[in-house]
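One structure is given below, encoded as structure tokens.
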Amino acid sequence: MSAVANPHLWTRRALSTLLLGVLPLGARGETGKVAVHIDNFAFSPAELKIQKGTEVTWTNNDDIPHTVLFIKTGVRSKTMDTDASFSYKFDKIGTFDYICGLHPHMKGKAIVTE
Amino acid sequence: MTEEPDNRDRRGFLQCMTWAGAAAVWSIAGGIPTSRIVGRAEAAETKGFTFAQVSDSHLGFDKPVNTDVTGTFQEALRKVVAQPQKPSFLIHTGDITHLSKPKEFDDGAQLLKSTGLQVYTVPGEHDVLEENRKSYLNRYGKGTKGDGWYSFDTHGVHFIGLVNVIDLQGAGLGTLGKPQLDWLAKDVAGLSASTPIVVFAHVPLWIAYQDWGWGTADGAMALTHLKKFGSVTVLNGHIHQVMQKIEGHVAFHSARSTAFPQGVPGVAKGPGPMPVAAGTLKDYLGIRRVTLVTNNAPLAVVDTPLAG
Chain A
0 MSAVANPHLW
10 TRRALSTLLL
20 GVLPLGARGE
30 TGKVAVHIDN
40 FAFSPAELKI
50 QKGTEVTWTN
60 NDDIPHTVLF
70 IKTGVRSKTM
80 DTDASFSYKF
90 DKIGTFDYIC
100 GLHPHMKGKA
110 IVTE
Chain B
0 MTEEPDNRDR
10 RGFLQCMTWA
20 GAAAVWSIAG
30 GIPTSRIVGR
40 AEAAETKGFT
50 FAQVSDSHLG
60 FDKPVNTDVT
70 GTFQEALRKV
80 VAQPQKPSFL
90 IHTGDITHLS
100 KPKEFDDGAQ
110 LLKSTGLQVY
120 TVPGEHDVLE
130 ENRKSYLNRY
140 GKGTKGDGWY
150 SFDTHGVHFI
160 GLVNVIDLQG
170 AGLGTLGKPQ
180 LDWLAKDVAG
190 LSASTPIVVF
200 AHVPLWIAYQ
210 DWGWGTADGA
220 MALTHLKKFG
230 SVTVLNGHIH
240 QVMQKIEGHV
250 AFHSARSTAF
260 PQGVPGVAKG
270 PGPMPVAAGT
280 LKDYLGIRRV
290 TLVTNNAPLA
300 VVDTPLAG
């Protein structure tokens, strides 16, 4: 994760500033309820840093149905048509990689800490 | 919309992809197929046994890019039946429905039945959204193996319907899986190398565009089992546009959708439905007719836009 080029460093700094500004507990990850949007065959944000107990809601903004499928646990959402949502509460710490079961090139990740 | 390609560029692209009224005729000599692009009139003169392919009807889809997918599917089927030489049967290469709903399957079955043609299908990922895939298999699974794969022989051609849309994972591509590949090896073991083979499956068996998952991870394994055959034609759907490719003795074709076009790799940001200028939708939708001429054995593949 080292910043090898100036633009990267700049981006990282800008992001850190932004996150710190919005989230006083940025270092510990978000908590409460968190939203992930699906736009143009991509999860946004693709990577979440959240605290245990956080509930994440995915909403499909595409014209094509998508799902959320956790690779290790096999937990999967129902197929979400346009504007449909799926919520999941993360009760365990760890890194949870997920994909869209219909379009597996769509990848996301939730990093859950105490 | 920014995703709509510039017309002039599109024309150049379409030319090399052989869309829009052009056709590829496969002549097979000494086991090596060669293709040439011909005008529609020339292709229409081809005599022999023909069958038609439709794909990606997505019944149930109702978004602005096409609010009448039933209508465009019906029109495609009407064109199939109206061919000067009535096709012997019809292949639907999957995504019959948009959300695997019983009503979508009912509508699909009714529309397909209205052609009076024998229909062969393979599922698309949209047809097997339910956990147990029952709606698809109850309707189209009879006499098939595994998740719905099978083969049949007609007019001296061996047809193989493969399923590559189950449990899409990890690599982001379609998969056939070992049981199906083992079955395929046995299925073709007793055939002579001169038997023309037609394989049909939903997701392209070759890697059409990896970034969007447009390919089959173990597709090359399937082709290994088909190596001895002099003529292999692979028909796919899924990507809602015509792409053609020849690799050795294998000719790959992907078909248009009857419902909506999808983005062009390298042009669009993502693989979703592609909005097109008002009134031009039917230029992007279509059907395909394949002719086998028994005497001199070329396979002619003709793509017809709905607007044509």
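These protein sequence lines map, in sequence, to chains A and B. Just so you know, we're using numbering that gives the first Met the number 0 here: the first sequence kicks off at 0 and counts up by one. Just so you know, we're using numbering that gives the first Met the number 0 here: the second sequence kicks off at 0 and counts up by one. Beta carbons: idealized from backbone N, C-alpha and C, even for Gly. Bear in mind that the values here come from a model prediction, so they are computed numbers and not experimental data.
Taking only the alpha-carbon atoms, compute the straight-line gap between His57 (chain B) and Ala258 (chain B) and give it to the nearest angstrom. For the purposes of this step, residue 57 (chain B) is taken as the residue at position 58 of the second sequence. For the purposes of this step, residue 258 (chain B) is taken as the residue at position 259 of the second sequence. Roughly 6 Å between the two C-alpha positions.
Bridge partners of His252 (chain B), per DSSP? Here residue 252 (chain B) refers to the residue found at position 253 when the second sequence is read from its first residue. Its beta-bridge partners are B:Leu234 and B:Gln243.
Going by DSSP, which residues form a beta bridge with Val148 (chain B)? Start at 1 with the first residue of the second sequence, and residue 148 (chain B) comes out as number 149. The question names Val, yet the displayed sequence has Trp at residue 148 (chain B). In the DSSP secondary-structure assignment, Trp148 (chain B) is bridged to B:Lys144.
Under the three-state DSSP convention, the category Gly20 (chain B) falls into: Along the second sequence, one-based indexing puts residue 20 (chain B) at 21. Only weak support exists for where Gly20 (chain B) lies, its pLDDT of 25 falling under 50; the coordinates are left without a value.
Mind pulling the chain A residues with CB within less than 9 Å of Glu124 (chain B)? What you label residue 124 (chain B) is simply residue 125 of the second sequence in a count that begins at 1. Gly100, Leu101 and His102, listed in chain order.
Selection of the segment 22-50 of chain A by Cβ proximity to chain B, strictly under 8 Å: Asn39, Phe40 and Ala41
So what does DSSP say about Asn137 (chain B), is it helix, strand or coil? Along the second sequence, read from residue 1 onward, the residue named residue 137 (chain B) stands at position 138. DSSP places Asn137 (chain B) in helix when its eight states are reduced to three.
Can you tell me the Cβ-Cβ gap for Thr153 (chain B) and Tyr139 (chain B), rounded? I've got them flagged as a contact below 8 Å. Translated into the one-based positions of the second sequence, residue 153 (chain B) becomes position 154. Translated into the one-based positions of the second sequence, residue 139 (chain B) becomes position 140. The Cβ separation is near 18 Å, so there is no contact.
How many angstroms separate the CA atom of Ile90 (chain B) from the CA atom of Thr53 (chain A)? Residue mapping note: residue 90 (chain B) aligns to position 91 of the second sequence, counting from 1. Residue mapping note: residue 53 (chain A) aligns to position 54 of the first sequence, counting from 1. If you take the alpha carbons of Ile90 (chain B) and Thr53 (chain A), they lie about 48 Å apart.
Chain A partners of Gly271 (chain B), CB-CB under 9 Å? Position 272 of the second sequence, counted from the first residue, corresponds to residue 271 (chain B). Ordered by position in chain A, the residues that pass the 9 Å Cβ test against Gly271 (chain B) are Asn39, Phe40, Asp61, Asp62 and Ile63.
Burial state of Gly171 (chain B), where buried means 16 or more other Cβ atoms lie within 10 Å: Here the question's residue 171 (chain B) lines up with position 172 in the second sequence. Buried, because 16 or more other Cβ atoms sit within 10 Å of the Cβ of Gly171 (chain B).
Hey, does Thr78 (chain A) have any beta-carbon neighbour from chain B nearer than 7 Å? Here residue 78 (chain A) refers to the residue found at position 79 when the first sequence is read from its first residue. Yes, because at least one Cβ of chain B sits closer than 7 Å to the Cβ of Thr78 (chain A).
Range covered by the beta strand (DSSP E) that runs through Gln109 (chain B): As a first step, residue 109 (chain B) must be located in the second sequence, where it is residue number 110. Taken as a continuous stretch (DSSP letters only), Gln109 (chain B) belongs to no beta strand (DSSP E), being part of the alpha helix (DSSP H) at Pro101 to Lys112.
Would you mind reading off the limits of the beta strand (DSSP E) that contains Phe199 (chain B)? Within the second sequence, the letter at position 200 stands for residue 199 (chain B). Ile196 to Phe199 is the span of the beta strand (DSSP E), which, as asked, contains Phe199 (chain B).
Starting from Thr81 (chain A), find everything on chain B with Cβ-Cβ shorter than 8 Å and list it in chain order. Taking the first residue of the first sequence as position 1, residue 81 (chain A) is located at position 82. Those within 8 Å of Thr81 (chain A) in chain B are Lys62.
Near Thr114 (chain B), which residues of its chain fall below 7 Å by C-beta distance, leaving aside the five closest residues on each side in sequence? Within the second sequence, numbered from 1, the residue matching residue 114 (chain B) stands at position 115. Hits under 7 Å: Leu76, Val79, Val80 and Leu89.
Apart from the five residues just before and just after Ile37 (chain A), which ones in its own chain have a Cβ nearer than 8 Å to its Cβ? On the first sequence, position 38 is the one that residue 37 (chain A) refers to. Around Ile37 (chain A): Ser43, Trp57, Thr58, Asn59, Asn60, Asp61, His65, Met79, Cys99 and Met105.
Using the rule of at least 16 other Cβ atoms within 10 Å of the residue's Cβ for burial, across every protein chain shown, is Val74 (chain A) buried or exposed? Taking the first residue of the first sequence as position 1, residue 74 (chain A) is located at position 75. Classification for Val74 (chain A): exposed.
Please report the Cβ distance between Thr223 (chain B) and Val202 (chain B), rounded to the nearest whole angstrom; I am assuming they are in contact, meaning their Cβ atoms lie under 8 Å. Locating residue 223 (chain B) in the second sequence gives position 224, counting from the first residue. Locating residue 202 (chain B) in the second sequence gives position 203, counting from the first residue. Incorrect: roughly 18 Å between the Cβ atoms, too far for contact.
State the CB to CB distance for the pair Pro103 (chain A) and Leu280 (chain B), rounded to an integer number of angstroms; the pair is presumed to be in contact (CB under 8 Å). Residue numbering aside, residue 103 (chain A) sits at position 104 when the first sequence is read from its first letter. Residue numbering aside, residue 280 (chain B) sits at position 281 when the second sequence is read from its first letter. That pair is no contact at about 29 Å.
For a contact meaning CB atoms closer than 9 Å, what does Trp211 (chain B) contact in chain A? Residue mapping note: residue 211 (chain B) aligns to position 212 of the second sequence, counting from 1. In chain order: Phe40, His102 and His104.
Pro122 (chain B) versus Arg27 (chain A): straight-line alpha-carbon distance, rounded: Working through the second sequence from its first residue, we reach residue 122 (chain B) at position 123. Working through the first sequence from its first residue, we reach residue 27 (chain A) at position 28. Taking the straight line joining both Cα atoms gives about 45 Å.
Residues bridged to Tyr97 (chain A) (per DSSP): Reading the first sequence from its first residue, position 98 is the one you call residue 97 (chain A). Secondary-structure assignment with DSSP links Tyr97 (chain A) through a beta bridge to A:Phe69 and A:Gly107.
Those residues which DSSP pairs with Glu124 (chain B) across a bridge: On the second sequence, position 125 is the one that residue 124 (chain B) refers to. In DSSP, Glu124 (chain B) forms no bridge with anything.
Comparing alpha-carbon positions, which option in B:Val164, B:Trp182 and B:Asp181 lies nearest Thr174 (chain B)? Walking along the second sequence from the start, residue 174 (chain B) turns up at place 175. Selected option, being the one with the closest Cα: B:Val164.
Just to confirm, is the Cβ distance from Ile92 (chain A) to Lys32 (chain A) under 7 Å? As a working mapping, residue 92 (chain A) is identified with position 93 in the first sequence. As a working mapping, residue 32 (chain A) is identified with position 33 in the first sequence. No.
Going by other Cβ atoms of all chains shown within 10 Å of its Cβ, with 16 needed for buried, is Asn65 (chain B) buried or exposed? The residue you call residue 65 (chain B) lines up with position 66 of the second sequence. Asn65 (chain B) is buried by the Cβ-count criterion.
Is the CB-CB distance between Thr92 (chain B) and Asp126 (chain B) below 7 Å? Stepping through the second sequence from its first residue, residue 92 (chain B) is reached at position 93. Stepping through the second sequence from its first residue, residue 126 (chain B) is reached at position 127. Cβ distance not < 7 Å, so Thr92 (chain B) and Asp126 (chain B) don't count as in contact.
For Gly171 (chain B), would you say it is in contact with chain A, using Cβ-to-Cβ distances shorter than 7 Å as the test? Working through the second sequence from its first residue, we reach residue 171 (chain B) at position 172. Interface residue, yes.
So, under 8 Å CB-CB, Leu234 (chain B) and Ala221 (chain B) are touching, yes? Tell me the CB distance rounded to an integer number of Å. As a first step, residue 234 (chain B) is located in the second sequence; it is residue number 235 there, counting from the start. As a first step, residue 221 (chain B) is located in the second sequence; it is residue number 222 there, counting from the start. Between Ala221 (chain B) and Leu234 (chain B) the Cβ distance is about 14 Å, and since that is not below 8 Å, they are no contact.
At a threshold of 6 Å, does Val74 (chain A) count as lining the ligand GTP (C-beta to nearest heavy atom)? This structure does not include the ligand GTP; it has no bound ligands of any sort.
Between which residues of its own chain and Ser193 (chain B) is the CB-CB distance below 7 Å, once the five residues before and five after are set aside? Residue numbering aside, residue 193 (chain B) sits at position 194 when the second sequence is read from its first letter. The residues are Gly229.
Would you tell me roughly how many angstroms separate the C-alpha atoms of Thr81 (chain A) and Leu98 (chain B), rounded to the nearest one? One-based indexing of the first sequence puts residue 81 (chain A) at position 82. One-based indexing of the second sequence puts residue 98 (chain B) at position 99. Distance between the alpha carbons of Thr81 (chain A) and Leu98 (chain B) is about 11 Å.
So what does Arg75 (chain A) bridge to, in DSSP terms? To locate residue 75 (chain A), count along the first sequence from 1; it is residue 76. Beta-bridge pairing by DSSP links Arg75 (chain A) to A:Leu68.
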